[in-house]
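What follows is a single structure, written as structure tokens, with notes after it.
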Amino acid sequence: MIKVTEVHIPPAAEALVVEVLRSGVLAQGPMVRRLEESFESLCATKHAMATSNGTTALELALEAAGIGPGDEVLTTPFTFVATVNAALSVGARVRFVDILPDTYTMDPEALRAAITPNTRAVVPVHLYGHPAHIADIVEICKERDVTVIEDAAQAHGASEGGRPVGSFGIGCFSLYATKNMTSGEGGIITTNDDDIADRVRVLRNQGMRARYQYEVVGHNHRLTDLAAAVGVAEFAELAARTERRRNNAAALCDGLRDIDGLVLPVERDGCRHVYHQFTVRLDEGSRIDRDTLADKLRAADIDSGVYYPRAAYDYDCYRAHPDVHIEQMPVAEMVASQVLSLPVHPFLSPSDLDRIVDAVRAAL
Ligand SMILES: *Cc1c(COP(=O)(O)O)cnc(C)c1O
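Letter by letter, the sequence shown follows residues 2 to 365 of the numbering used here.
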């Protein structure tokens with residue numbers, strides 16, 4: 002079976018974990034700091050703060066930006082639900098902005114139309130590893146004094162105009178096992194803003210500045226040094242693994258060109274896509290639908306994934322939620338019924354790639 006995701010922790014992680022075990026410093030210690038420094042260099046930001054996971058990174062970023070009960074947060078409905086859950090957990094009200102049909106990221110024109118005087122934060126998602134129109138979004142938000150929080154959970158190392166994601170607004174990364182790099186569970190917040198960085202550091206550690214000096218009501222969103230040790234070893238492989246993802250994506254695009262009804266992923270001019278997913282779309286011109294293609298691939302021992310089968314608001318728990326504004330998003334709904342992610346991970350062999358291309362061609 003060719004899988005959609007494979008986890009291969011580099012052997013170098015083992016010595017680093019042992020180093021932490023022997024040091025006796027197990028949380029928010031030197032190994033966590035080492036991982037944070039890696040993200041400061043990856044994102045070219047002044048600060049990076051590790052958190053317990055990507056969801057708590059989003060929550061802390063929102064809270065540090067002063068977003069709370071009654072504040073309006075805009076995001077896209079075509080994302081992993083953590084983006085929505087994080088905004089709801091700080092008490093914010095969520096409204097959605099539709100996506101573009103080429104990169105599946107927030108439509109800046111739709112954002113311009115949706116933003117209101119109540120809007121306090123916008124959370125674009127760099128979905129599948131492709132940057133949202135982040136410079137445009139920052140520009141729109143700047144005029145209105147709205148905070149931009151980048152959901153970069155899937156986009157470690159992606160960039161727009163040569164500038165890394167996570168450096169435009171407040172960046173939030175996930176280090177969950179299936180992401181482009183992992184620490185098991187973990188998250189990172191990046192920023193150039195000293196005040197935001199300071200508030201995040203205090204909030205993640207029970208609101209404590211110095212020992213037993215509580216400044217605000219905080220949380221325990223710290224990362225362990227054991228997890229950070231895995232993250233440090235994974236980070237060392239990130240550049241090479243990202244190159245392999247990009248090469249695999251290029252090979253798949255070459256092999257799958259010119260098939261009726263098959264829409265391939267694009268890399269917008271000036272952007273660097275890090276292919277967390279290689280997501281194709283079967284539009285009206287296709288002979289079969291997305292689920293049939295997935296079935297045929299499975300029969301050929303090739304796994305695939307649907308990220309995501311529905312718009313985020315299209316579940317009873319959100320439809321019934323008093324803080325979620327329900328509005329139909331036609332592009333997101335269409336795309337949710339058409340997308341299928343094919344394996345693109347760095348551990349595919351050339352013959353795996355040939356098999357994927359042959360099986361998709363045969364099915365379509
Ligand atoms: C994975 C993910 C998150 C949440 O990260 P966790 O580390 O799983 O909490 C948030 N947003 C997006 C788009 C994600 O893919």
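All C-beta atoms in this analysis are idealised placements derived from N, C-alpha and C, irrespective of residue type, glycine included.
Since we're looking at a predicted model, the values are computed, not measured.
Where P165 sits in the DSSP three-state scheme: If DSSP states are grouped into helix, strand and coil, P165 belongs with the strands.
Min CB distance T56 to chain B below 7 Å: Structure shown: chain B not included; a single protein chain is present.
Rounded Cβ spacing between A45 and S175 (contact assumed at less than 8 Å): 20 Å between Cβ atoms; not a contact.
S42 (DSSP reduced to helix, strand or coil): Note: S42 maps to helix in three-state DSSP.
Option in D103, H134, F236, P323 with minimal Cα separation from H9: Closest by alpha carbon: F236.
D314 beta carbon near ligand 1 (any heavy atom closer than 6 Å): Sequence check: residue 314 is Tyr here, not Asp. The nearest non-hydrogen atom of ligand 1 is 6 Å or more from the C-beta of Y314.
Euclidean distance between Cα positions of R269 and E64: Roughly 32 Å between the two C-alpha positions.
Own chain, CB closer than 6 Å to A111, minus 5 neighbours either side, in chain order: Counting only Cβ-Cβ distances below 6 Å, and skipping sequence neighbours, we find V98, D99.
Whole alpha helix (DSSP H) elements within the region 193 to 277, 4-residue minimum: Listed in chain order, they are 195 to 205, 226 to 256.
Within 7 Å, strictly: CB atoms of V203 and E216: In this structure, E216 lies closer than 7 Å to V203 by Cβ.
Meets three-Cβ-pair contact criterion under 8 Å: the region 181 to 192 and the region 237 to 254: Yes, they touch.
CA-to-CA distance, R34 to K47, given in whole angstroms: Roughly 13 Å between the two C-alpha positions.
Cβ neighbours of P31 in the same chain (closer than 8 Å, five flanking residues each side left out): Cβ within range, chain order: S24, D226.
S184 Cβ short of 6 Å to ligand 1 heavy atom set: Every heavy atom of ligand 1 is 6 Å or more from the Cβ of S184, so no.
Proximity winner among M50, A234, A28, L27, relative to E37 (alpha-carbon distances): Ranking M50, A234, A28, L27 by CA distance to the CA of E37 puts M50 first.
The alpha helix (DSSP H) enclosing R121, as first and last residue numbers: For R121, there is no enclosing alpha helix (DSSP H); the enclosing beta strand (DSSP E) has its first and last residue at 120 to 124.
Residue span of the alpha helix (DSSP H) that contains E334, given as start and end: First-last of the alpha helix (DSSP H) with E334: 331 to 337.
Cβ-heavy atom distance, Y319 to ligand 2, below 6 Å: Judged by which ligands are present, ligand 2 is missing from the structure shown, whose ligands are ligand 1.
Reference V26, options Q207, M209, A230, P12, closest by Cα: When only C-alpha atoms are compared, the closest one is A230.
Per-residue DSSP class, three states only, for A363: Correct three-state label for A363: helix.
Span of the beta strand (DSSP E) around I150: Start and end: 148 to 152.
N181 beta carbon near ligand 1 (any heavy atom closer than 6 Å): Checking every heavy atom of ligand 1 against the Cβ of N181, none is found closer than 6 Å.
Beta-bridge pairing of T52 - partner residues as DSSP gives them: According to DSSP, which records beta bridges pairwise, T52 is partnered with G188.
Beta-carbon proximity of A159 to H127, cut-off 7 Å: Here A159 is near H127, since their CB atoms are less than 7 Å apart.
Residues near V275 in its chain [Cβ-Cβ closer than 7 Å; skip 5 each side]: Around V275: G130, A156, H157, G158, A159, N181, T243, R246.
Own chain, CB closer than 7 Å to G185, minus 5 neighbours either side, in chain order: Cβ neighbours of G185 beyond the five flanking positions: A178, A228, V231.
Reduced DSSP category for A343 - H, G, I as helix; E, B as strand; rest coil: Reading the sequence as shown, one finds Leu at residue 343 and not Ala. Here L343 sits in strand by DSSP.
Check whether P12 and E238 have beta carbons under 7 Å apart: Against a cut-off of 7 Å, the Cβ pair of E238 and P12 comes out as no contact.
Three-state secondary structure assigned by DSSP to E73: Three-state result, E73: strand.
Check whether G262 and L294 have beta carbons under 7 Å apart: Contact flag unset, no.
Buried versus exposed call for S42 [16 or more other C-beta atoms within 10 Å across all chains shown]: S42 is classed as exposed because its beta carbon has fewer than 16 other beta carbons within 10 Å across all chains shown.
Identified DSSP bridge partners for L283: Beta-bridge pairing links L283 to L263.
Distance between H346 and I189 (C-alpha atoms, nearest Å): Going from the Cα of I189 to the Cα of H346 covers about 22 Å.
Cα-Cα separation between T84 and I327, rounded to whole angstroms: Their backbone Cα atoms lie some 16 Å apart in a straight line.
Separation of A251 from A234, as counted between CA atoms: Roughly 27 Å between the two C-alpha positions.
Among G55, T280, I260, Y316, nearest to Y105 - alpha-carbon criterion: For Y105, the nearest C-alpha among the options comes from T280.
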